[in-house]
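Visitor:
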Amino acid sequence: VSVEVQTIGDDDFLVKVDAATSTEHRVTLTDVYRNKIWNNRLSKEEIIRRSFAFLLERESNVSILRSFDLPVIQRYFSEYESTAARWE
1 VSVEVQTIGD DDFLVKVDAA TSTEHRVTLT DVYRNKIWNN RLSKEEIIRR
51 SFAFLLERES NVSILRSFDL PVIQRYFSEY ESTAARWE
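Here it is as structure tokens:
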């Protein structure tokens, strides 16, 4: 499985997941959320790439929402923010 992240705006990204069935996802990551969880340690692209790795460990790419704000992951997986906050 490969994950490609493309910037399409300051807070907007297109994520392409190449797997048995390829999918595309529009993801929003604001500076406020990035600062809250990562304190600017990682680029937005890296955060999204790692977030998709996190998701793909738990569900197939066809189950991932096609469009979402990154904080939505926490609603489905309560360990997301505590796990993600440790990323270096």
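If you count the sequence shown from 1, position 39 lands on 39 in UniProt numbering, and the numbers rise without skipping.
No residue lacks a Cβ here, since even glycine has one placed at the ideal position from N, Cα and C.
Since this is a predicted model, take the numbers as computed values, not measurements.
1. Helix, strand or coil, according to DSSP, for Thr28 in the structure here?
2. Strictly by DSSP, which residues pair up with Phe68?
3. On the criterion of 16 or more Cβ atoms from any shown chain inside 10 Å, does Leu29 qualify as buried, or is it exposed?
4. Are the CB atoms of Thr7 and Glu45 within a distance shorter than 8 angstroms?
5. How should Arg51 be labelled, buried or exposed, when 16 other C-beta atoms within 10 angstroms of its C-beta is the threshold for buried?
Guide: Here's the rundown:
1. Here Thr28 sits in strand by DSSP.
2. Looking at the DSSP assignment, Phe68 forms a beta bridge with Val27.
3. Counting every other CB atom within 10 Å of its CB across the protein chains shown gives Leu29 a total of 16 or more, marking it as buried.
4. Cβ atoms of Glu45 and Thr7: closer than 8 angstroms.
5. Reading off the sequence shown, one finds Ser at residue 51, where the question assumed Arg. Around the beta carbon of Ser51, 16 or more other beta carbons lie within 10 angstroms, which makes this residue buried.
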